[in-house]
Structures are given as C-alpha cells and as structure tokens.
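In this note's numbering, the protein residues as written are 49 to 487.
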Ligand code: SF4
C-alpha cells in the first residue's frame, strides 16, 4: 500500500503543494515539533496546512509575524476539535505533563497551565480561512498548468478532494464517529499522550461500576458489555471512517469508562483479547506506517482486582504495548467518602500494591493510576498519597505512572500547581498532571 504513496511537489506563485510527505514513523518525546505519519501539505507565504490520507485537514499553522510561536501549531482531532499545541516556553510543560507541547483545548477542562491561544486573532484567522486557502491553491495550480493537465492531475485531484471535506462535512464525519461509538468519547486515558491521542476508539462496554459523585465524565448507563456482533460491526464502521488514513494509526482505545470490567468472572467471553485481536487484523496494524502498536483502556479498583491473571499474561504476549489506567483517586477514606467513590482506602492500597507487582512482572503492560487534586480536600488526602507513592516504593521507578487530576474545571490555580510540584518531587513513581481530553 505504501508503494503508491510517492512524495511529489508542485510550486505555484501562490503556494507549494506536497503530496504524501513522510513524517516521523515513531511517537517521540522531543522539543522539536515533529509531525507524524504520511500527510499532504499546502504551504503559502503565511500558512501551512496538512491533510491526512483522506484529504481531511489535520494540522495548520500561521507563518506570518502575528503567529504566536513558530514551533506551535493547531491540530484538528477526529472529533473535529481544533487544539492548539503550545510550548509554554518549554518551562514546566514537560515536567508537568510528560510532553513537550501542551494541548490547549477549545472546551472547559481541568488544566492548571496554559492560556487561551485559541482566542488569538492569528489562530482564529487560520481556523476560519483554511478552506479558502485550499480554494485559492486549486485556482493557482489550474492557472499555472493551464491545459497541461497531465502534470498536475494528482495535485488537482488532491485539492478537489480536500474541498469536498468542507467544515460542515468534517463535522458530519465526527458525528458519524460518535454514532459508531454510541456517543462521544468524553475522556481518553491519560496514557494516550504517548501517541498524541491518535487512537481508534473501539467501545466494548458502556458505563462504569461506581457512578462517583465527583465525576464529570460518567455516563448514566449501567455497566454492560457489548455483544460480540456489535463489536464486529463497529470495527467495520471504524474501518470505513478512518479509511485510507488507517495506515497512520497504530493504537486502539478499548472503551469506555471501565473496559477492564469486561474481564469480570461472570463474563465467559474473552472480550478484551478478542476485540484487540480483531482490531489488530482488521486495522492492519502490522502494515501501519507508525512503528509498534498500543492498546489503551480504563479500569477500576474492582475490575482490576477481579480480573483473571491469565488476562494480563495474554495481553503481555500480544503485539500491543498495553496501558491500563485505574481511577484510585485517594487513599484517604474521608476523601473517598467526600467525593462519593464507593470503595475503601484499604481497597485502594491493595490495588496500588497489585499495580506495582504487575508492572514488575509484565514488560508489555503498564498499569497507571489517577489521584485527585484540589485545595479543599480533607487533610489526610496528600499524606495518604505520599504514603503510597513514596513510603511503599523503595526506589525510584520509571513505570507505573501516577496522574494527578485537578478536580476544578477552568480554574487554574497557583496553589494547586505548587502542590503538584511538591508531590511530584516526593513521588518515587513518574508523576504528571492529567488534562481531561475528549475525542
Ligand atoms: S470516576 Fe470512573 S468509576 Fe467513578 S463515575 Fe467516573 S467513570 Fe465511573
């Protein structure tokens, strides 16, 4: 499939168009703004637009003086959100989130850092004018090549296809993705940062076990496992949505809020392993342009502790690097009661210790955990957190990431950020902020 994707360029007085540029084939944490996958590009004197293999715009940036920072850019998600990636001047961003670029989101979230770059006139200009840039580019190619259509036919075809993907059609496509999943993905696992949130969502269950009082992303649905047939049909629909661009993907998110609970002893099927295998072959991850492949999912204390050990053995032997994120929230009973999480601090501690054991045992699995942060939590919350991540861990580890999730939405707080830095310094596990991000 890759053989047909030769890189070619054309220059016109208005723009340079490059088809099938080969970006990085490996997700890397680097301060240089690396672009992933195979994509096509339009470059004018004041903008750069990039398109996936379905001719849909995926990234954009301004080149004029008004653009905030030359190494920063906009990314359009499959859910049709424009996200601004900022460097934060490289100070504190990597330490806080484990990535060099901070995603600034167009909806309220729990980020403690970042500003409002999406409201900047230079950013708004690109978001509002990209379609017009494609129209002008098409006109300029036609004017340049006149009747020598043979030399420019592939560029014209690309631009005409890109014009079919109007802002309205991109919105429709996002809606069809939500419909395929049975609703919008309201939260992606924090570990999906390792692939810049480029995941294909495959929903194998709905709802969660606890319906915690504090949680803003929960669904009303009681926990239920989806039928095999429905999962198979979903895979077919996803293949149709991701289409030609599927070769730029190497990761799935098995959703939604507690996919790990499909491995509960009452379910006789191997839902996780079956879905992961089918996704691997149907999405042809062995042919992906991106190296390696990854599986992300959420779990809860109960689903994690009830899961059969064989599940982890099977996951570990699959081609995937698997990340399972467990919501622990607090090791302090008063805090758990306050936030309405119906588990005990003893269960939290047991799950935390089991995480450590499995992370040691399985090289292809990383179990990570979330804890909450807020200025107004009971006094016991942070000491109980440090008892786990410092006193129970004898030496610093590179695996078993802890994500601290501020409770407040749209309330950056210096105090909470200061507290985060203190906890991070004391923790013997990799510790980062969790910015809640939807698809
Ligand atoms: S925190 Fe997790 S378990 Fe609790 S309501 Fe939200 S999704 Fe459900």
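Using N, Cα and C, we set each Cβ at its ideal position, and we do this for glycine too.
Asked                                                                                                                                                                                     : Found
Expressed to the nearest angstrom, what Euclidean distance is found between the alpha-carbon atoms of residue 165 and residue 123?                                                        : 13 Å
Between residue 169 and the rest of its own chain, which residues show a CB-CB distance below 8 Å, the 5 nearest in sequence each way excluded?                                           : 114
Looking at the unbroken alpha helix (DSSP H) that takes in residue 325, where does it start and where does it end?                                                                        : 319 to 330
If you run the structure through DSSP and keep just helix, strand and coil, what is residue 125?                                                                                          : coil
Could you give the first and the last residue of the continuous alpha helix (DSSP H) run that contains residue 413?                                                                       : First-last for residue 413: 413 to 421, but that is the beta strand (DSSP E), not the alpha helix (DSSP H).
Could you name the residues of the same chain whose beta carbon sits closer than 7 Å to that of residue 480, not counting the 5 residues immediately before and after it, in chain order? : 144, 145, 146, 449 and 451
Less than 7 Å between the beta carbons of residue 239 and residue 416, yes or no?                                                                                                         : yes
Out of 400, 194, 69 and 375, which has the shortest C-alpha to C-alpha gap to residue 256?                                                                                                : 375
Cβ of residue 261 versus every heavy atom of the ligand SF4: is any distance shorter than 6 Å?                                                                                            : no
Under 7 Å between the Cβ atoms of residue 300 and residue 250?                                                                                                                            : yes
Relative to the alpha-carbon of residue 344, which residue among 320, 354 and 362 has its alpha-carbon at the smallest distance?                                                          : 320
For the alpha helix (DSSP H) containing residue 381, name the first residue and the last one.                                                                                             : 381 to 386
For the beta strand (DSSP E) that residue 289 lies in, which residues bound it at each end?                                                                                               : Counting along the chain, residue 289 falls outside any beta strand (DSSP E), though it belongs to the alpha helix (DSSP H) covering 276 to 290.
With H, G and I counted as helix, E and B as strand and the rest as coil, what does DSSP make of residue 408?                                                                             : helix
At what residues does the alpha helix (DSSP H) containing residue 114 begin and finish?                                                                                                   : Run containing residue 114: none; DSSP gives neither H nor E here.
Using only the heavy atoms of the ligand SF4, determine whether one of them is closer than 6 Å to the beta carbon of residue 348.                                                         : yes
So residue 187 is in the alpha helix (DSSP H); what residue range does that whole segment cover?                                                                                          : 169 to 193
With a cut-off of 8 Å on the beta carbons, I'd call residue 297 and residue 236 a contact; round off their distance for me.                                                               : In fact, because the Cβ distance is near 14 Å, the residues do not count as touching under 8 Å.
Residue 290 to residue 382, Cα distance in whole Å?                                                                                                                                       : 46 Å
Pairing CB atoms from the region 99 to 113 with CB atoms from the region 351 to 368, are three or more of them under 8 Å?                                                                 : no
Using the three-state DSSP reduction, which class does residue 104 fall into: helix, strand or coil?                                                                                      : coil
Using a Cβ-Cβ cut-off of 8 Å (strictly less than) and excluding sequence neighbours within five positions of residue 363, which residues of its own chain qualify?                        : 320, 321, 324, 343, 370, 410, 412 and 413
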